[in-house]
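Heads up: the sequence shown begins at 23 in my numbering, then just goes up one per residue.
Written below as structure tokens is the structure these notes are about.
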Amino acid sequence: MNKCIFLDRDGVLNVERGDYTFRLEDFEIEAGVGEALQRLKAAGYYLVVITNQAGIAKGLYTKEDVLACHEKLQANTGRLIDALYYCPHHPTKTESLARKPGTLMFERAIARFNIDPTISFMVGDQERDLIPAKALGMGTVRVASEVVETDGDHFCHSLLEACDYLLK
């Protein structure tokens, strides 16, 4: 069995803008992300992005916009991410078990990469990112620029700080 770091996208890997981030010119990778991914990969973790992209269901942008942002992320971080899963649904438009806090995107990655959830972690900036990970038995880290209350196992200000915690 393998270990994995699951990562939310907006607010963890790229700067959270407060609305939907889908234009390449607005997709800004957070400081330290490349270094954090390199260190986690060197420690033997699979790296998997799990992200809700409800703007697709709302007609604000397309899956091609999401894939272009993912390509920019990969190109700027050494292509270290093993897989990027996104849910294009929104609860007011369509039902989906994949949308966080559902577990389906996680379960797909677990099956694909033979991941042991008990030695894996989820890093997210919202509680809804952590709920499915906890349900599957993973450790959780909440990331936010300012201190917030969390049901996560740990709080950090950035992915790089979370990396220090995860690798200690």
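Heads up, the beta-carbon is just placed ideally off N, CA and C, and yes, glycines get one too.
### Message
If contacts are defined as beta-carbon pairs under 8 Å, then V165 and V34 qualify, I think. What distance do you get, rounded to the angstrom?
### Response
Stepping through the sequence shown from its first residue, residue 165 is reached at position 143. Stepping through the sequence shown from its first residue, residue 34 is reached at position 12. Right, the Cβ-Cβ distance comes to about 5 Å (below 8 Å), so this counts as a contact.
### Query
Closest by CA to R61, which one among K85, E50, G100?
To locate residue 61, count along the sequence shown from 1; it is residue 39. Of the listed residues, the one whose Cα sits closest to R61 is G100.
### Task
Thinking L181 and V55 are a contact (beta carbons under 8 Å), I'd like their distance in whole angstroms, please.
Your numbering for residue 181 matches position 159 in the sequence shown. Your numbering for residue 55 matches position 33 in the sequence shown. About 6 Å separates the two Cβ atoms, so the contact holds.
### Query
What's the C-alpha gap between A90 and L46?
What you label residue 90 is simply residue 68 of the sequence shown in a count that begins at 1. What you label residue 46 is simply residue 24 of the sequence shown in a count that begins at 1. For the pair A90 and L46, the Cα-to-Cα distance works out to about 7 Å.
### Message
Relative to the C-alpha of I51, which candidate in T125, A97, D173, E168 has its C-alpha closest?
### Response
Residue 51 sits at position 29 when you count from the first residue of the sequence shown. Taking I51 as reference, the option from T125, A97, D173, E168 with the minimal CA-CA separation is A97.
### Query
Would K75 pass as a contact of C109 if the rule is Cβ separation under 8 Å?
Locating residue 75 in the sequence shown gives position 53, where the first residue counts as 1. Locating residue 109 in the sequence shown gives position 87, where the first residue counts as 1. Here the sequence assigns Gln to residue 75, which means Lys is not the residue at that position. For Q75 and C109, yes; Cβs fall inside 8 Å.
### Query
So what's H176 in DSSP terms, helix, strand or just coil?
By one-based count along the sequence shown, residue 176 stands at place 154. Strand, per DSSP.
### Task
For the segment 25-76, list the alpha helix (DSSP H) runs that are entirely contained and at least 4 residues long, ordered along the chain.
55-64
### Query
Nearest CA to the CA of G159: which residue from F128, I103, H92, L106?
The sequence position of residue 159 within the sequence shown is 137, counting from 1. Here the closest residue by C-alpha is F128.
### Message
Given this structure, state the Cα-to-Cα distance separating L188 from I141, to the nearest angstrom.
### Response
As a position in the sequence shown, residue 188 is number 166, starting the count at 1. As a position in the sequence shown, residue 141 is number 119, starting the count at 1. Their Cα atoms are separated by approximately 11 Å.
### Message
Whole angstroms are fine: how far does the CA of E57 sit from the CA of G124?
### Response
By 1-based counting over the sequence shown, the position of residue 124 is 102. By 1-based counting over the sequence shown, the position of residue 57 is 35. Take the alpha-carbon of G124 and the one of E57: they are about 30 Å apart.
### Query
Just to confirm, are T162 and F135 a CB contact at a threshold of 8 Å?
Here residue 162 corresponds to residue number 140 of the sequence shown, with the count starting at 1. Here residue 135 corresponds to residue number 113 of the sequence shown, with the count starting at 1. Not in contact: T162 and F135 (Cβ atoms no closer than 8 Å).
### Query
Enumerated in chain order, which unbroken segments of the alpha helix (DSSP H) with a length of 4 residues or greater are wholly contained in the segment 123-147?
126-135
### Task
May I ask you to report which of helix, strand or coil DSSP gives R150?
Counting from 1 along the sequence shown, the entry for residue 150 is found at position 128. Three-state result, R150: helix.
### Query
Can you check whether the CB of F44 is closer than 8 Å to the CB of I72?
Here residue 72 refers to the residue found at position 50 when the sequence shown is read from its first residue. Here residue 44 refers to the residue found at position 22 when the sequence shown is read from its first residue. Cβ distance not < 8 Å, so I72 and F44 don't count as in contact.
### Task
State the beta-bridge partners of R164 as determined by DSSP.
Numbered from 1 along the sequence shown, position 142 holds the residue referred to as residue 164. Bridge partners of R164: G146, F177.
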